[in-house]
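Reviewing the structure listed below.
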Amino acid sequence: MIGALRSLLQRWTWVMAWRESRSRRARLALFASSMILGAAALIAIGSFRDAVLESVEEQSKALLGADLVLSGRSRFGAEEEALFQTL
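Letter by letter, the sequence shown follows residues 809 to 895 in the working numbering.
Here is the structure:
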């Protein structure tokens, strides 16, 4: 009984939607195209975000590897300075 009622309501819903759309096809087309463009924009933004994150992750070692800061409480001696020059 519930299955028959559910299928009847689904069919009725589609029939009523089709009947109501006949008088305003242009508005229905505008609504459908807006939904499609919105979904496409969300997908494009997500794809762009993933590409940027992947690119940053790939290049992070090269970008951050050149930066090395050494500090201490007192001035480094000549021996330490020579060691730092080899790095």
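We treat Cβ as the ideally placed atom computed from N, Cα and C, and that holds for glycine.
What span of residues does the alpha helix (DSSP H) with residue i cover, start to end?
i    : result
L878 : It is not in any alpha helix (DSSP H) - L878 carries neither H nor E in the DSSP assignment.
L891 : A886 to T894
Just the Cα atoms here: how many angstroms apart are residue i and residue j?
i    : j    : result
F856 : V864 : 12 Å
R832 : G854 : 34 Å
I851 : L895 : 45 Å
R819 : A840 : 21 Å
I844 : D858 : 21 Å
S815 : A834 : 29 Å
Is the CB-CB distance between residue i and residue j below 8 Å?
i    : j    : result
L836 : S829 : yes
F922 : L871 : The structure shown has nothing for residue 922, since the chain only spans 809 to 895.
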